[in-house]
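Here the protein sequences line up with chains V and W, keeping their order.
With our numbering applied, the first sequence corresponds to residues 2 to 210, in that order.
With our numbering applied, the second sequence corresponds to residues 2 to 210, in that order.
Yeah, the Cβ is synthetic: ideal placement off N, Cα and C, and Gly gets one too.
Protein chains: 2
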Amino acid sequence: MIIPLSSMAKAKHTISVSAEEKIREAARRVFMKKGYAATRTRDIAEEAGLNLALLNYYFRSKEKLFGIVMEERMKQFFGVITPLMYDTTTTLDRKIEMIVSNYVDMLLQNPDLPLFILNEIRHNSDLFNRFQAGRLIHGSHFVTQLKEKQPGIHPLHFVVSILGMTIFPFVAKPVLQSAGGINQQLFVAMMEERKTLVPKWAKAMIKMK
Amino acid sequence: MIIPLSSMAKAKHTISVSAEEKIREAARRVFMKKGYAATRTRDIAEEAGLNLALLNYYFRSKEKLFGIVMEERMKQFFGVITPLMYDTTTTLDRKIEMIVSNYVDMLLQNPDLPLFILNEIRHNSDLFNRFQAGRLIHGSHFVTQLKEKQPGIHPLHFVVSILGMTIFPFVAKPVLQSAGGINQQLFVAMMEERKTLVPKWAKAMIKMK
DNA sequence: AAATATTTTAATCATTTGATTAAAATATTT
DNA sequence: AAATATTTTAATCAAATGATTAAAATATTT
Chain V
2 MIIPLSSMAK
12 AKHTISVSAE
22 EKIREAARRV
32 FMKKGYAATR
42 TRDIAEEAGL
52 NLALLNYYFR
62 SKEKLFGIVM
72 EERMKQFFGV
82 ITPLMYDTTT
92 TLDRKIEMIV
102 SNYVDMLLQN
112 PDLPLFILNE
122 IRHNSDLFNR
132 FQAGRLIHGS
142 HFVTQLKEKQ
152 PGIHPLHFVV
162 SILGMTIFPF
172 VAKPVLQSAG
182 GINQQLFVAM
192 MEERKTLVPK
202 WAKAMIKMK
Chain W
2 MIIPLSSMAK
12 AKHTISVSAE
22 EKIREAARRV
32 FMKKGYAATR
42 TRDIAEEAGL
52 NLALLNYYFR
62 SKEKLFGIVM
72 EERMKQFFGV
82 ITPLMYDTTT
92 TLDRKIEMIV
102 SNYVDMLLQN
112 PDLPLFILNE
122 IRHNSDLFNR
132 FQAGRLIHGS
142 HFVTQLKEKQ
152 PGIHPLHFVV
162 SILGMTIFPF
172 VAKPVLQSAG
182 GINQQLFVAM
192 MEERKTLVPK
202 WAKAMIKMK
């Protein structure tokens, strides 16, 4: 009995998605919605419309499958900011605009992503350490640019503020909708507005005495 | 057999904490650290140094015990901002200073609180709806004050930005420490700095054309 | 002190859950 | 087409988990 563990060469010519892929996609949806601990492997099998044993046949264990999903999602979450952080051909102002705009666009499509990522990392910080992004912020060109404009303030203050203003609304979305009386349509409209508001504010902050 | 469910009158004169209270405190620590789904009732009993059956004797079920802990923690989390939101005797600028300062102080003592609250609410939004804070933001004096200064911008934009800049660093703490090279001591120092930075930035944002 | 009520414990239940197995079904190679 | 390899399934296992029970221990009242 050969165990594929998601790496066997597929000689399949089927048009439809492979069972392995169906499981990975189902796992992504269920893990993202419920988190690792609250997810049952049976939930994933059911979501994929396949037998439970296939999950272990292709991925060995719940934990290994989760690791694969988690790595994909971390790439998506940090992929928005990483290339821009190290870009040396773009002005600081333009970078800020792009970071905010790219994040809002991506998060409108994946509103559960930040809370999922940040919560799972908190419960297992190895997940993040195993990820490449060891020196994501520290030593980036973005940080250098910030330090030039405001040598007196730690550049991370600005990074945290920009990301906070951009990402936090999605983290707090359920509360905003209940306590703030914001429906889905208004939420989307406000996030679109923030694409121009947040960069404007951020630039002003960086120029401040 | 009488079932107390945390409401029996205590005729006890013992100096030490009651078993019921020990369990509630242990539950708070374990639930906050691991979240509802990952918490085993046995973890709580062990943390409290008491027999597992006592948990069900005093609180009927894991879910009921969690509900009690959750309500306490939501009061703490939203209690920082609620009174200030409705205060009509304080200037907008002063309110902003106090919101940020009070939150930073509280979160330095309870760094896991935001992620715990926001994540559990996401997985069971009834938890928040059952909570009183139905109209926490909408209709508050704080919102009125914001609307006066900037009629063109939805006041929630400012609320979200101020809370984002204040709370987000705690939500992203594990990532900041790994990717930003921030140790605990520097983190605390930076949060202290933000007590003056964030209000200064927020005021500038609100005054902007 | 005896009787009664309350608190705590050890043992046990019934389900749930991640994982395995052996066989059946399907595809691929010879 | 036969032989072989791969994929899928139903049945099952062992461990974990929330909860209960009956009895023991302790406190309170009479």
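With a threshold of 16 other beta carbon atoms within 10 Å, W/HIS139 falls short and is exposed. Only buried fits W/GLN146, as 16 or more other CB atoms lie within 10 angstroms of its CB. Interface criterion not met: the Cβ of W/HIS142 is under 7 Å from no Cβ in chain V. Boundaries of the alpha helix (DSSP H) harbouring V/GLN77: 63-80, taken from the DSSP string. The region 118-137 of chain V makes no contact with the region 70-80 of chain W, as fewer than three CB pairs between them are under 8 Å. V/SER102 is the residue among V/ARG41, V/SER102, V/THR90, V/ILE82 whose C-alpha sits nearest the C-alpha of V/ARG195. The beta-carbon of W/ASN120 is placed less than 7 Å from the nearest beta-carbon of chain V.
V/TYR87 places its beta carbon 7 Å or farther from that of V/SER162. For the 7 Å CB-CB criterion, V/MET33 and V/ASP113 form a contact.
Check the Cα spacing between W/GLU193 and each of W/LEU109, W/ARG30, W/TYR59, W/ASN125: the tightest is with W/LEU109. W/GLU98 counts as buried, since at least 16 other C-beta atoms from the protein chains shown sit within 10 angstroms of its C-beta. W/ASP44 carries a helical assignment under DSSP once its states are collapsed to helix, strand and coil. Taking 7 Å as the CB threshold, V/ARG123 lines the interface with chain W. For W/LEU85, the enclosing alpha helix (DSSP H) begins and ends at 83-87.
W/ALA28 has a beta carbon lying at 7 Å or more from every beta carbon in chain V.
Contact of W/PRO170 with chain V is assigned, a C-beta pair being separated by under 7 Å. DSSP, read as helix, strand or coil, puts V/HIS158 in helix. In this structure, the alpha-carbon of V/PRO115 lies about 33 Å from that of W/ALA49. For the pair V/ILE100 and V/LEU85, the Cα-to-Cα distance works out to about 7 Å. For a cut-off of 8 Å, the C-beta gap from V/LEU119 to W/VAL105 is around 19 Å, too long to register as a contact. At a beta-carbon threshold of 7 Å, none of the residues of chain W lie near V/ASN103; the nearest stands roughly 17 Å away. Taking W/ARG123 as reference, the option from V/GLU72, V/ARG123, V/LEU177 with the minimal CA-CA separation is V/LEU177. Secondary structure note for W/PRO112: it is in no alpha helix (DSSP H), with a DSSP letter that is neither H nor E.
Non-local beta-carbon contacts of W/THR40 in its own chain, meaning distances under 6 Å to residues more than five positions away in sequence, involve VAL31, PHE32 in chain order.
Proximity of V/LEU137 to chain W, defined by a Cβ-Cβ separation below 7 Å, is satisfied.
For W/MET206, a Cβ of chain V is located within less than 7 Å of the residue's own Cβ. A distance below 7 Å separates the beta carbons of W/LEU56 and W/ILE24. When rounded, the separation of the alpha-carbon atoms in W/ALA46 and V/ILE168 is 37 Å. A check of alpha carbon separations from V/THR91 across V/LYS208, V/LYS201, V/GLY165, V/PHE143 identifies V/PHE143 as the nearest. Annotated as proximal: V/THR42 and V/LYS63, with beta-carbon spacing under 7 Å. The Cβ-Cβ distance between W/ALA38 and V/ALA205 does not fall below 7 Å. V/ALA173: not part of any alpha helix (DSSP H); DSSP gives it neither H nor E. In the three-state scheme derived from DSSP, where H, G and I count as helix and E and B as strand, W/ASN52 is classed as coil.
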